[in-house]
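Chemist: Here's a structure for you.
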Amino acid sequence: MKKRLIFTIALLAVFAVCFAQKPFKVVFYNMENFFDTLKDPQTFDEEFTPEGPKKWNTAKYTKKLGNIERVLFDIAAIDKNYPAVIGVSEIENRAVLEDIVATKKLAPANYRIVHYDSPDARGVDVAFLYRPDIFKLEGSAPIRLHVPSLPDFRTRDIVTMWGTIDDEPFYFMVIHWPSRLGGKDASEFKRVAAGEQMRHIADSVLALNPATKIVAMGDFNDDPTDPSIAVAMGAKGKVKDLEPGDFFAPYAAMLRAGLGTLAYGDAWNIFDNIIVTENLVSGDPGELRILQAPNSKFYGNIFKRNYMIQKEGQFKGYPLRTFVGNNFQGGFSDHFPVYIYIGK
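Laid out in structure tokens, this is it:
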């Protein structure tokens, strides 16, 4: 009887720990031209210097830093749990990232940085912040984004990192695909090439270990229903259509519902995406998987608060930007951040 009681108590303790564990948040945020104030002789960053047309100085930089701190901390405050992984784009260098993780409200998360200088002409990069108590980093690498018909094309790298969460293998990619400069249709081939390359990377990782759970995030400069994501990456927007090895695009359903992360010409887009492999959707019981947020029918989430929204003028209702042209708005970004939950 005593042994049975001890066993029951131990079992209940295990259940309590399992169900008390909060899901992990994975976030992506395009931080809109977060440059330092120094001239880099290797890049075209003159615009964001004190002498440049935007008069980018320490006061403006500090305001921007505080804004980013506020947004990321408020994402953490949703469930009183700092995100496990944060992918970022449009940051100039590691020094900016170090300033972000050192802010008063974010420092308790003890974030580590994965960053590489990219060949982008303006010097903007993509990077990861991660919590080492959750994600156990095993390695990282930049992969040059290649457009076959433009061998000298310079853009942001695909930054990758791999390791484990709860002893399950994970592989992360963060990107900022080529823009729509010149028009959506005229520039689409660049993003299709990027999608095909990321699909190839994912296939190679899964061939080595089919149990690896892949999370691809970033500013795709395309919606999840566009050919670069839906065809080149093969990302499907509905769970019922998934087969082993597929990508799942949770933001496709949100786009169809009229939601967005950025606006242009009074139309909303979801260029900010987090895409996951099928094994993170239909994992076995007890394994980590993507979860719907409480009281939500979607697997994706867009973080939008009143203070992040333009209140008046031509861009009323849009994300409150740092600049409109060369006019300093003191805002946050021209994109809203996105996040998903991963748990058991």
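Taking mature numbering (1 follows the signal peptide of the UniProt record, and there is no 0), I'd label the letters of the sequence shown as residues -20 to -1, 1 to 324. Note that CB positions come from ideal geometry on N, CA and C, so glycine has one too. Values in this document were obtained by computation on a predicted structure and should not be read as measured data.
Which ranges does the alpha helix (DSSP H) cover as unbroken runs of at least 4 residues, wholly within the segment 83 to 116, from first to last along the chain?
Modeler: Within the segment 83 to 116, no complete alpha helix (DSSP H) run reaches 4 residues.
Chemist: Does DSSP put E168 in a helix, in a strand, or in coil?
Modeler: helix
Chemist: Let me see if you follow: with CB-CB separation under 8 Å, is L117 close to chain C or not?
Modeler: Chain labels in this structure do not include chain C; a single protein chain is all it has.
Chemist: Alpha helix (DSSP H) containing D79: first to last residue?
Modeler: It spans R74 to V81 - the alpha helix (DSSP H) in which D79 sits, taken as one unbroken run.
Chemist: Based on the DSSP secondary-structure assignment, which residues constitute the bridge partners of A229?
Modeler: DSSP output for A229 lists no bridge partner at all.
Chemist: Can you tell me which residues form a DSSP beta bridge with F4?
Modeler: Note: F4 sits in a beta bridge opposite I322.
Chemist: When every heavy atom of the ligand GTP is checked, does at least one fall within less than 7 Å of the C-beta of K324?
Modeler: This structure simply doesn't include the ligand GTP, nor any ligand for that matter.
Chemist: In the DSSP assignment, find the unbroken beta strand (DSSP E) run with I254 in it and report its ends.
Modeler: D252 to T257
Chemist: Can you tell me where the beta strand (DSSP E) with D199 in it begins and where it stops?
Modeler: The continuous beta strand (DSSP E) containing D199 extends over residues K193 to D199.
Chemist: Can you tell me whether DSSP reads N249 as helix, strand or coil?
Modeler: In this structure, N249 counts as strand in the three-state DSSP scheme.
Chemist: Between F133 and H180, what straight-line distance do the alpha-carbon atoms span, to the nearest angstrom?
Modeler: Distance from the CA of F133 to the CA of H180, rounded to the nearest whole angstrom, comes to 20 Å.
Chemist: Look at T241 and H315 and say whether their C-beta atoms are less than 8 Å apart.
Modeler: yes
Chemist: Which residues in the same chain have their Cβ closer than 8 Å to the Cβ of L18, if we skip the five residues on either side of it in sequence?
Modeler: Non-local C-beta neighbours of L18 in its own chain, meaning closer than 8 Å and more than five positions away in sequence, comprise T29, ordered along the chain.
Chemist: Quick check: what's the CA-CA separation for A101 versus A237?
Modeler: Cα to Cα, A101 sits roughly 36 Å from A237.
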